[in-house]
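Read top to bottom, the protein sequences are chains A and B.
Residues 0 to 235 in numbering that gives the first Met the number 0 are what the first sequence lists, from first letter to last.
Residues 0 to 326 in numbering that gives the first Met the number 0 are what the second sequence lists, from first letter to last.
Shown next, in structure tokens, is the structure this report addresses.
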Amino acid sequence: MALLKAEDAQMLRDRFAEELTGPVTLTLVTSSDTGVTSMSPDGTAPLVNDANRPYLPVAQQVLEEVKELSPLITLNVVQYSVVDDTVAEFKITHVPSVIIQGADAKRPLLYIGTPLGYEFMTLIDGIVDASQGKTRLAETTITALEKLTQPASIKVFVTPSCPHCPVAARLAQQFAMVNPLIRAEVIEANEFPELSDQYFVSSVPKSVINEDREVIGGMPEANYLEEFLAAVGTAN
Amino acid sequence: MSDFDVTAGVDTAEVQTVRTDAVYDVAIVGAGPGGLTAAIYAGRARMSAIVLEKLSIGGLITVSDWVDNFPGFPEGVSGEELGERFRKQAERFVGQIALNAVTAIRKENELFVLNTDAGDIKAKTVVLSTGSEPVKLPVPQEEKFRGRGISYCATCDAAFFKNKVVAVVGGGDAALHEALYLSKFASKVFLVHRRREFRAARMLQEEVLANPGIELKLNAAPVEVLGDRKVEALVVEDVETHQQERLQVDGIFGSIGEKPNSELVKDLVDLTDTGLIKVDANKETSLKGLFAVGDVTNTPLKQVVTACADGAIAITSAEAYLRTLKG
């Protein structure tokens, strides 16, 4: 049974026809090895466990249905392996993971988990941005982010039922699109409880910047930028 | 929401770019039920309208698990679906809600100027629908543990407390709703209230009393949160005897009221002592042409249904005001 309602699929098809200007590649890193015992690289849990196992086929189905909405979208499904090039290049440590790349493949959008519920539009908006090769950020934000000369990381923990989560998720992903030194991962907390515990996530959205500064909640772009710059130690 | 629901917030309405070169008939600040109803009425009145929302369309109701008292839904409706329906209907009339924050408002030569993160916009009238945000728990460790066990949204965060013990602080409808919702996830819920009696609707009180997973701590006020890197316990104090009790909890949900988001206009209009915007029966503030609706106002009842009514009244009043400008 389709996950997308027919009328929503048609509306998205129309939106993509209007807004996608370049090719987009979706890469799903997954594992069909459901009886697995191997740990994920961060050592927190088996790669496939009770929390993420039900989502693996769902992630694939969501992406397959989205791929059908535009001829400009390509879908690659990669089985997780430590020796896989994609896994190594994007430092993927959990499954399912979704990598969204536009023409500038060096600025991927990373979604760790399955983009459902409110996070579905995070996926859709990410595809549009990657396709157009540009963000919706203000010029002042872009200028500030381009000045960054050291690598930075943002982990945004979200859940599908959280209405404020896409705000933080989208901002983090767009920051990463502006400057390839910024690695942004949107992480669906329900699928990775050990990861959520490791970062003391009990409220979403929770952004963890440079493994250090925590920002709770969604907020306007200017405020999020302020938090990010404070974390990376650059005065605006 | 079911685990595999992909349809929340699928938004394909016509995009509204904030126009800094035009003068709108009305700028609606905040896309909760009040603002979205105002949008419907503005669109149908053929007013040029821009609706600005800085965080999440639908407002506070979207994080309500279930709404049983909004007319038109005999079996009740999820807060998320209700917010979604408001959004779709509003966008039919005014196009997509602009996801921009308003940082300041002033009045200049009969026009309102709103500073936004997309530039300045001008409007002849403004409808403020900025709602409120949760009052923070009055404990010294609130900021330390916010997001590390302290939360203000049960529907958002309940899943993190499956089979754990939590406390809900508060005594109104919202607090009891939160306790009931959390009891589906947590192994135990302490419901902490500083009085002997709840303010909540009788039906809710009955449900709480009948729920074996909820333990009441009445006449109790939160005084301290203990823990190393996350919440481990809540110390409550009896308001009469001052005896303290330590509740072993993994999470604490605050539901002790809402603080109105009226900072944008605090120097422009009359407010009550608690920061609510004073409005008359026409939803007009003390500044002509500036209207306010919903939870940010001194309404006698903060509910979705009253916010919606406010939105309709405000636009009708704004229309009448516009006629005086032309006349």
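The beta-carbon is built from N, C-alpha and C at its ideal position, and this holds for glycine as well.
Check	Outcome
If I follow the unbroken beta strand (DSSP E) through Q204/B, where does it start and stop?	Looking at the DSSP string, Q204/B is not in any beta strand (DSSP E); the run it does join, the alpha helix (DSSP H), is 201 to 208.
Going along the chain, which unbroken runs of the beta strand (DSSP E) with 3 or more residues stay wholly within the segment 19 to 64 of chain A?	23 to 29
Between P179/A and chain B, is the shortest Cβ-Cβ distance under 8 Å, so that the two count as touching?	no
Leaving out five residues before and five after E145/A in sequence, what residues of the same chain have Cβ atoms less than 8 Å from its Cβ?	V177, N178
Near L115/A, which residues of its chain fall below 6 Å by C-beta distance, leaving aside the five closest residues on each side in sequence?	P159
Counting only beta-carbon atoms, is K106/B nearer than 8 Å to chain A?	no
Which of helix, strand or coil does DSSP assign to L115/A?	coil
Would you say the segment 160 to 176 of chain A touches the segment 213 to 221 of chain A, given that touching needs at least three Cβ pairs under 8 Å?	yes
L286/B to I312/B, Cα distance in whole Å?	17 Å
If the cut is a Cβ gap below 9 Å, which residues of chain A does G146/B touch?	F199, V200, S201, S202, V203, K205, E213, V214, I215, G216
On the DSSP letters alone, give me the boundaries of the beta strand (DSSP E) that D119/B sits inside.	118 to 127
Look at the alpha carbon of T73/A and the alpha carbon of E64/A, and state the distance between them as a whole number of angstroms.	11 Å
Along the chain, where does the alpha helix (DSSP H) that runs through N75/A open and close?	Unbroken run through N75/A is the beta strand (DSSP E), 72 to 78; no alpha helix (DSSP H).
For V47/A and chain B, any beta-carbon pair shorter than 8 Å?	no
Tell me which same chain residues have a C-beta within less than 6 Å of the C-beta of N51/A, skipping the five on either side of it?	E190
Check A102/A in the structure and name its three-state DSSP category.	coil
So, at 6 Å on beta carbons, what are the nonlocal neighbours of D64/B in its own chain, with the 5 sequence-adjacent residues on each side left out?	T154, Y180
When the Cα of F290/B is compared with those of V138/B, L275/B, L300/B, which residue comes out closest?	L275/B
Verify the CB distance criterion: does K229/B have a CB-CB separation below 8 Å to chain A?	yes
Verify the CB distance criterion: does H163/A have a CB-CB separation below 8 Å to chain B?	yes
Counting only the same chain and skipping the five closest in sequence on each side, list residues whose C-beta sits under 7 Å from that of V127/A.	E18, L19
I need the boundaries of the beta strand (DSSP E) containing G253/B, first residue and last residue.	250 to 253
Taking 8 Å as the cut-off, decide whether the C-beta atoms of K154/A and E184/A are in contact.	yes
If V101/B and L113/B are in contact, beta carbons under 8 Å, what's the gap, nearest whole angstrom?	5 Å
Taking the alpha-carbon of L81/B as reference, which of V235/B, L267/B, V62/B has the nearest alpha-carbon?	V62/B
D227/B: which of N281/B, R147/B, I255/B sits nearest, CA to CA?	R147/B
Determine, using beta carbons only, whether F159/B comes closer than 8 Å to chain A.	yes
Leaving out five residues on either side along the sequence, give the residues of the same chain with a beta carbon under 6 Å from the beta carbon of K4/A.	none
List the DSSP bridge partners of N114/B.	A103/B, D119/B
Taking CB distances under 8 Å as the criterion, tell me whether S130/A reaches chain B.	no
Residues of chain B with CB under 7 Å from S96/A, in chain order?	Near S96/A there are no residues of chain B at all, since even the closest Cβ is about 18 Å away, more than 7 Å.
Output the distance between the C-alpha atoms of Q95/B and A30/B, rounded to the nearest integer angstrom.	11 Å
Thinking V235/B and V191/B are a contact (beta carbons under 8 Å), I'd like their distance in whole angstroms, please.	6 Å
Extract the residue ranges of the alpha helix (DSSP H) inside the segment 46 to 98 of chain B, only unbroken runs of 4 or more that lie entirely within it.	78 to 93
Going by DSSP in three states, L144/A sits in which element: helix, strand or coil?	helix
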